[in-house]
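Chemist:
Protein chains: 2
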Amino acid sequence: MGGEMMEEEKEPEKEVNGSEIFKEFKEYSVVEFFKKNRQMLGFAGKVRSLTTIVHEYCTNALDATEEAHILPEIMVKVEELPDEHVKVTIQDNGPGIPPSHLGKAMGMMLAGTKFHRYMQQRGQQGIGGAGCTLFSQITTGKPTRMRSGLGDGKVYECDMKIDVKNNQPVITNQIEFMGNFRGLRVEAEFAEVKYDKSEHGVYEYLKRTAMANPHAQITLIEPTGEKHVFQRVSDRIPEKPAEIQPHPLGITTGDLVDMAHRTDSRKLSSFLTNTFSRMSSAKVEELAKLVPTVNFEKHPRDLKWPEAEAVVNSVKTLKWIAPPTDALRPIGSDQIDKALKNILAPEFVSVSERRPKVFRGGIPFMVEAAIAYGGNSGRARSDEGRGGDIIRYANRVPLMFDGGSCAITEAVKNIDWKRYDVRDFDKEPVTVFANFVSVHVPYTGTGKQAITMEEEIVGEIRYAIMEVARDMQVYLRGKVREMDKETKKKIIMRYVKELSADLADLAGTGAPADIEKKLVNMIETKYEKIEGEAEEAVEEVKEVEENEKEE
Amino acid sequence: MGGEMMEEEKEPEKEVNGSEIFKEFKEYSVVEFFKKNRQMLGFAGKVRSLTTIVHEYCTNALDATEEAHILPEIMVKVEELPDEHVKVTIQDNGPGIPPSHLGKAMGMMLAGTKFHRYMQQRGQQGIGGAGCTLFSQITTGKPTRMRSGLGDGKVYECDMKIDVKNNQPVITNQIEFMGNFRGLRVEAEFAEVKYDKSEHGVYEYLKRTAMANPHAQITLIEPTGEKHVFQRVSDRIPEKPAEIQPHPLGITTGDLVDMAHRTDSRKLSSFLTNTFSRMSSAKVEELAKLVPTVNFEKHPRDLKWPEAEAVVNSVKTLKWIAPPTDALRPIGSDQIDKALKNILAPEFVSVSERRPKVFRGGIPFMVEAAIAYGGNSGRARSDEGRGGDIIRYANRVPLMFDGGSCAITEAVKNIDWKRYDVRDFDKEPVTVFANFVSVHVPYTGTGKQAITMEEEIVGEIRYAIMEVARDMQVYLRGKVREMDKETKKKIIMRYVKELSADLADLAGTGAPADIEKKLVNMIETKYEKIEGEAEEAVEEVKEVEENEKEE
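Chain order of the listed sequences is L and H.
The first sequence begins at 2 in the working numbering and counts up one residue at a time.
The second sequence begins at 2 in the working numbering and counts up one residue at a time.
Structure follows, in structure tokens:
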């Protein structure tokens, strides 16, 4: 890059051959790639970058505590430093990370345990923690300070950086000391980030994380020093997500080839029965008949692409029992109910009870939906009113961005809200909550912030929301009925007052007050019984008035 | 993955310690990462995936021919195969790729020449070609067939795949033979793609590429066999993009540290003057005074982060001459004019003439805008009319997706089109063309399909479009005047006909036809002179009529 003159020399243009162009060919590391393309990691824009940092660490904390069957306690502290730098501290009470693995977990990209697992999971594949270490490093030059305790009486600390060229951790200033700390504590400084209380910011992210994880206690200390605690409202630790077997209908040729070449099984037939759910020996025999050119006794690593393609195509022609759906870990309706009440203090809440479904022929999924009305439901509008809010989740992780591309948003848009007595969704204090749970979430883009608008998915989300919208409608109608009753009562009382005065006058007897009392009694008694009679009472009063007029 | 039982064993949950969780820690290659996250490479959705494939190969072809100063000839053939597979063949007349480099160029990710260069460029950093090889491989299992000729009488062919685990090319079936072929020819088969003639498809992509590259001849052979040739309309090969020196104001601390650690210069002072534009020795002295703790005689590789940060902050406080902008390679207004006329056959075209600007303090950029009206301008609407179309480019590459997030779209939205006699942009046959040219394009996301809506950028695009919109307005007003004239003429003629008949009747003399003739003559003569008189003529005719009535 150095040494070039400022003025360009104007040489006559001549054709250049290929060899000269390729003199400068080099290979670059994946870290250099993400350094140049950090938006791929979610570091796009100052507010979003900070939310991404908190998201990565929290996701790791929740996964780790869940896997170790611990009730999570997570502390997030954000401090504003000079030069528009921000320091983020996150601490959890999880199982900690063994010192020998800390480098790989937080100082190396594309290293992790979750890459090939077919299970419901929150975390990215070996990007998250290391991505934050990288982002801190490239914006401030500083390492990330880490403290890890396994609960065995020893506590380990170190400074972590990434060797960008070689994708290796660089660990310095290591110390070990005696202590009771169990969990992980991370302190890192960042530039090009911004703390904001908008709907894309850290506070909103943690609030939504709390809503989906009622068993977690999350504390946020803001730059002002203000402390918010999202209380735990449930002691029920969610079951660990189980790794399940993929269903034959959900598999692509490429996946089948990959899995066959990786398996421990020694025969193609046993590879199939061992790997796939609902794949019995009988089913394998059926398949073998449809693809007689394939030898099902041979070693799976000898499976050729055209053979795999033939198997996949034959699978599509057979009937299969639906996949087991018990590997899905929804939040649970009573948990959602507790959480929404805790966070939104609404007038009304309803949570759906949907059964698992499949999409693309064989991938199990489930939708949990809820609707909250009134209280702190909905979001604040610029004109001081409250409008409809949609809070989206995939596998209990809040989706904060790219709402416009998400299946959940699409489902809400496709509902005729007027049918549910919501004249204008954007002007009512309503919160729609939806959580999409699956072993495979079809995200739209790199940031994993939106679920692809596949028909089967949008459809099921829509039905789930409509289910709870109906409950809300019943509630709203009751409210309106109450309001109507009140209004009618007021109208009648107005007549009653005037009428009593006139009646008293007419009759020449009894204080208006007495007559009023009697009329009121009469009306109220009627009112307690049937609404129709109240209307009649209004009619009667009117009639009396009319008759009076005619006289 | 194999060997798991279908039913989950329900063990009592117990806390698990960290060491057990990390047993399964593994490292994964960047290719495996992109295999799982192919949407990051643009392979998201069937139509978009195919457009991405064509885009990657075409971009390489245009860059290569340009660098070698050759007038590009590119042939793209798309064939539909059984099983919904698609075969793509792309051939160019560029300089070819030396056989020794073919593997690195097309069979390895993150290898290339352009990674660290600060210049206007189309291509991705070592992803494009290899990404296509990977996508073909994972959807069909097949290699990509490549043919390369350097124009030295020898032609080389091979099958190319990627070793996913090790990110290395796997080359088989190599042959070399005598021949005149110079360029690159690629044949690859894909699944999970779709050929579509919609606005996101290959045809539209190539049409837009032709519009921005009038020196290129592009041939498309569609699955139907139909052949389209986007003719070359200019023999002017664009100048090679030059690598320029970055401007001090555009640099971040991280970049400065990186560059200092990579430079051949031996002193910090000479590193600065050699690397940055507008950085004279005098300027270096000014900086040295502002950061006296930094030793400007020391070796650049000893530059510490806090020192770099101090230098960057001091740079911001000094005055700098604007960066040179001659490294920018716009398409050129006469070129755009030719291209738009060729492709859209419009009634009217105007192209802007804007000067280069800078954003973020020091990054040079330029906007070329054009507007076309009538003919095939605009896009077809569902109701058979034509509506406004926006075609976006960054460094001459069509931006096909994510329009909603793009600075160009935002600029168009922010224009009050009524002022330019376009009542409803979505209902007029208008095409707005905008090309954003820079050494650094701030893309919004991973797909590099939208330009971040930075104020300075949106502002300049807006002004450029307004400049040509004004020209269009003059044209439209002229049109309307013509139309008005015609309309008025028609009205008058209607009166004239009736009038002549009546006059003839009244006077009892002369055939109505003669009188009509005389009247017409009279009016037409007047009409040629001043429009106002025509109106008077209308008035006169009316008056006669009225007088007649009163009688």
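Yeah, the Cβ is synthetic: ideal placement off N, Cα and C, and Gly gets one too.
Taking the straight line between their C-alpha atoms, what separation do you get for Ala217(L) and Thr326(L)?
Modeler: Near 25 angstroms, if we compare the C-alpha coordinates of Thr326(L) and Ala217(L).
Chemist: Report all residues from its chain with a CB closer than 7 angstroms to the CB of Ile531(H); omit the five preceding and five following residues, and keep chain order.
Modeler: Annotation note: pLDDT 42 at Ile531(H) (below 50); position unreliable, coordinate value reported separately. So the list is empty, once near-sequence residues are dropped.
Chemist: Which residue's Cα is closest to the Cα of Glu177(H): Pro170(H), Arg186(H), Tyr157(H), Lys162(H)?
Modeler: The option with the nearest alpha carbon to Glu177(H) is Tyr157(H).
Chemist: Of all Cβ atoms in chain L, is any one closer than 8 angstroms to the Cβ of Glu80(H)?
Modeler: Closer than 8 angstroms: no.
Chemist: Name the chain L residues whose beta carbon is nearer than 9 angstroms to that of Trp306(H)?
Modeler: By Cβ distance, chain L contributes Thr141, Gly142, Lys143.
Chemist: Using a Cβ cut-off of 8 angstroms (strictly closer), state whether Glu28(L) contacts chain C.
Modeler: Absence of chain C from the displayed structure is noted, the protein chains being L and H.
Chemist: Is the shortest distance between the beta-carbon of Ile477(L) and the beta-carbons of chain H less than 8 angstroms?
Modeler: It should be noted that the sequence gives Leu, not Ile, for residue 477(L). No, because no Cβ of chain H sits closer than 8 angstroms to the Cβ of Leu477(L).
Chemist: Looking at the structure shown, is Phe272(L) part of a helix, part of a strand, or coil, going by DSSP?
Modeler: Helix at Phe272(L).
Chemist: Let's see if you can read the secondary structure: which residues bound the beta strand (DSSP E) around Gly150(L)?
Modeler: Gly150(L) -> beta strand (DSSP E) spans 145 to 151.
Chemist: Is it right to say Ile561(H) is buried, meaning 16 or more other beta carbons lie within 10 angstroms of its own, or is it exposed?
Modeler: In the structure displayed, chain H extends from 2 to 552; residue 561(H) sits before or after that span and is not available.
Chemist: Using a Cβ-Cβ cut-off of 7 angstroms (strictly less than) and excluding sequence neighbours within five positions of His56(L), which residues of its own chain qualify?
Modeler: Contacts found: Tyr206.
Chemist: Tell me whether Gly386(H) is buried or exposed, calling it buried when 16 or more other Cβ atoms sit within 10 Å of its Cβ.
Modeler: Exposed is the call here.
Chemist: Can you tell me where the alpha helix (DSSP H) with Met212(L) in it begins and where it stops?
Modeler: Run containing Met212(L): 203 to 213, per the alpha helix (DSSP H) assignment.
Chemist: Over what stretch of residues does the alpha helix (DSSP H) that includes Asp335(L) continue unbroken?
Modeler: Counting along the chain, the alpha helix (DSSP H) containing Asp335(L) begins and ends at 334 to 345.
Chemist: Of all the CB atoms in chain H, is at least one closer than 8 angstroms to the CB of Gly362(L)?
Modeler: So, not an interface residue.
Chemist: Which of helix, strand or coil does DSSP assign to Arg393(H)?
Modeler: The answer is strand: DSSP assigns Arg393(H) an E or B state.
Chemist: How about Ala395(L) and Val442(L): do their beta carbons lie closer than 8 angstroms?
Modeler: Yes, they are a contact pair.
Chemist: As a quick exercise: from Thr294(H), Val32(H), Cys159(H), pick the residue whose alpha carbon is nearest that of Met110(H).
Modeler: When each option's Cα is compared against that of Met110(H), the closest is Val32(H).
Chemist: I'd like to know if Thr318(L) contacts chain H, where contact means its C-beta is closer than 8 angstroms to some C-beta of that chain.
Modeler: Output row for Thr318(L): interface = no.
Chemist: In or out: Lys305(L) buried (at least 16 other Cβ within 10 Å) or exposed?
Modeler: Counting Cβ neighbours within 10 Å, Lys305(L) comes out exposed, since fewer than 16 surround it.
Chemist: Using only alpha-carbon positions, find the residue among Thr141(L), Ile128(L), Glu244(L), Pro100(L) that is nearest to Asn38(H).
Modeler: Ranking Thr141(L), Ile128(L), Glu244(L), Pro100(L) by Cα distance to Asn38(H) puts Ile128(L) first.
Chemist: Within its chain, find whatever has a CB closer than 7 angstroms to the CB of Glu348(L); leave out the 5 residues flanking it on each side and keep chain order.
Modeler: Tyr374, Gly375, Gly376, listed in sequence order.
Chemist: Label Gln40(L) either buried or exposed according to how many other C-beta atoms from any shown protein chain fall within 10 Å of its C-beta, with 16 as the threshold for buried.
Modeler: Its Cβ being crowded by 16 or more others within 10 Å, Gln40(L) is buried.
Chemist: Counting only beta-carbon atoms, is Val431(H) nearer than 8 angstroms to chain L?
Modeler: So no, Val431(H) is outside the interface.
Chemist: State the beta-bridge partners of Leu221(L) as determined by DSSP.
Modeler: According to DSSP, Leu221(L) bridges with Val77(L), His229(L).
Chemist: Mind checking whether Gly226(L) and Pro170(L) have CB atoms under 8 angstroms apart?
Modeler: No; because the gap between Cβ atoms is not below 8 angstroms, this pair is not in contact.
Chemist: Apart from the five residues on each side of it in sequence, which residues of its chain come closer than 7 angstroms, Cβ to Cβ, to Thr140(L)?
Modeler: Closer than 7 angstroms at Cβ, skipping near neighbours: Phe191, Ala192, Glu193.
Chemist: Using the Cα positions of Ile372(L) and Met467(L), report the straight-line distance between them to the nearest angstrom.
Modeler: Roughly 10 angstroms between the two C-alpha positions.
Chemist: Quick one: residues in its chain with C-beta nearer than 6 angstroms to the C-beta of Thr173(H), no 5 flanking neighbours on either side, listed in chain order?
Modeler: So the list reads Asp160, once near-sequence residues are dropped.
Chemist: Please state the DSSP three-state secondary structure of Thr432(L).
Modeler: Thr432(L) falls in the strand class under three-state DSSP.
Chemist: Compare the Cα-Cα distances from Ala62(L) to each of Pro99(L), Gln92(L), Pro430(L) and report the closest residue.
Modeler: Checking every option, the nearest Cα to that of Ala62(L) belongs to Gln92(L).
Chemist: Bridge partners for Ala65(H) per DSSP, in chain order?
Modeler: Per DSSP, none; premise fails for Ala65(H).
Chemist: Using three-state DSSP, classify Gln40(L) as helix, strand or coil.
Modeler: Helix.
Chemist: In three-state terms, what does DSSP make of Phe349(H)?
Modeler: Correct three-state label for Phe349(H): strand.
Chemist: Taking Asp259(H) as the reference, give the member of Glu298(L), Thr210(L), Val165(L) with the closest Cα.
Modeler: The shortest C-alpha separation from Asp259(H) is found at Val165(L).
Chemist: Give me, in chain order, the residues of the same chain whose beta-carbon lies closer than 7 angstroms to that of Glu354(L); leave out the 5 immediate sequence neighbours on both sides.
Modeler: Closer than 7 angstroms at Cβ, skipping near neighbours: Ser334.
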